[in-house]
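In the numbering used here, the protein residues as written are 22 to 374. First up is the structure itself, then whatever we jot down about it.
Below is the structure:
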């Protein structure tokens, strides 16, 4: 098989991974849950200056656990971390989790985006007894399967970027590696970045050279690429305006990269580090003081204690993970539609080739 995206071009092309999502367009928020048949060996890399996360210290290499029973990506800023608690409770009911003596403790890391100002009257100001993110997390967990939607769905419901509506994106890639084995790597992201995903006013994406089969519009690389890249290095005009700083730490790309390759926890950490390059390729600027950029990395291979793959294959996996993150970021923008008073979507301005 030639190198190519998986059958669905989604993170769920990796056997054993399911994704569920739920959203509320009236509120302008949502939750995405990544879960599977078994717990995942997991690492994380946080590059943004304003992260909102849960259970990330547990995944550090110097600590003991390094696993997750599910990962939650949520809207709602710090309130959205409540979605992790709901998923944890549902996993407990399903008898899934880390066994500590006779107790079972589900481990659910997560990350959030800020989407509280998507409508004129932020819902967070009128929350009643029940958190909407727990309700949405319940629906997302129970709907998890191998098919899911891109654009303004799940945690991408209220996502925006500097210039366009953001959203939920995913991609995958399969190829044979030097040991003769075929592995798949995939990504799912929530693109809520403060940066610009386009070459100036568009329609070309910054990382258009990575596009496969017109997956984000088919415009390809801009003919005046050099001139456009020089100008694209400048910050979007909105950066520096009052509303950006009123919502400091309000923008973020969060996501998960996954593979079926046999990776150790140290290998997974390197995968997450390299995957962040996909954010920088697809958005300008990235990893800013106002972003909470966070990437989790997981493998469905179980109990890999010693490195199996050589460093050349680790390099190749990391490179493909970075590509998948960039493509997923672009697909999130391409598929997104306006929600409430959000910025317009890419398709409001441009047509696919």
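Heads up, the beta-carbon is just placed ideally off N, CA and C, and yes, glycines get one too. From a predicted model like this one, the values you see are computed outputs, not experimental measurements.
Beta-bridge analysis with DSSP links residue 194 to 206. Annotated three-state conformation of residue 98 is helix, per DSSP.
One alpha carbon belongs to residue 209, the other to residue 190, and they sit about 6 angstroms apart. Under the 10 Å beta carbon count, residue 127 is surrounded by 16 or more other beta carbons and is classified as buried.
For residue 162, DSSP assigns no beta-bridge partner whatsoever. In its chain, beyond the 5 residues on either side, 78 have a beta carbon closer than 7 angstroms to the beta carbon of residue 84. Counting C-beta pairs closer than 8 angstroms gives fewer than three between the region 300-316 and the region 113-120, which falls short of the contact rule. By the neighbour-count definition (other C-beta atoms within 10 Å, threshold 16), residue 181 is a buried residue. DSSP lists 217 as the bridge partner or partners of residue 305. Sequence-distant Cβ neighbours of residue 312 in its own chain, meaning closer than 6 angstroms and more than five residues away, are 69, 215, 272, 273.
In the DSSP assignment, the residues bridged to residue 212 are 188, 274.
Following the DSSP letters along the chain, one finds residue 109 inside the alpha helix (DSSP H) bounded by residues 103-114. Counting only the Cα atoms, residue 188 lies some 13 angstroms from residue 133.
Relative to residue 156, the option among 292, 206, 104 whose CA is nearest is 104.
Residue 27 has no beta-bridge partner at all, per DSSP. Under the 10 Å beta carbon count, residue 315 is surrounded by 16 or more other beta carbons and is classified as buried.
Between the alpha carbons of residue 185 and residue 369 lies a distance of about 10 angstroms.
Short of 7 angstroms from the beta carbon of residue 80, and not among the five residues preceding or following it, lie these beta carbons of its own chain, in chain order: 63, 64, 65, 87, 130. Closest by C-alpha distance to residue 93, out of 59, 41, 135, 45, is 41. DSSP, reduced to helix, strand and coil, places residue 138 outside both helices and strands of the structure shown, so it counts as coil.
The alpha-carbon of residue 281 is positioned some 17 angstroms away from that of residue 344. In this chain, the alpha helix (DSSP H) harbouring residue 353 covers 332-356.
A distance below 6 angstroms between beta-carbons, with the five flanking residues on each side excluded, links residue 89 to the following residues of its chain, in chain order: 61, 63, 128, 130. When the alpha-carbon of residue 211 is set against those of 72, 294, 221, 275, the nearest one is in 275. Taking the C-beta atoms as reference points, residue 54 is found nearer than 7 angstroms to residue 91.
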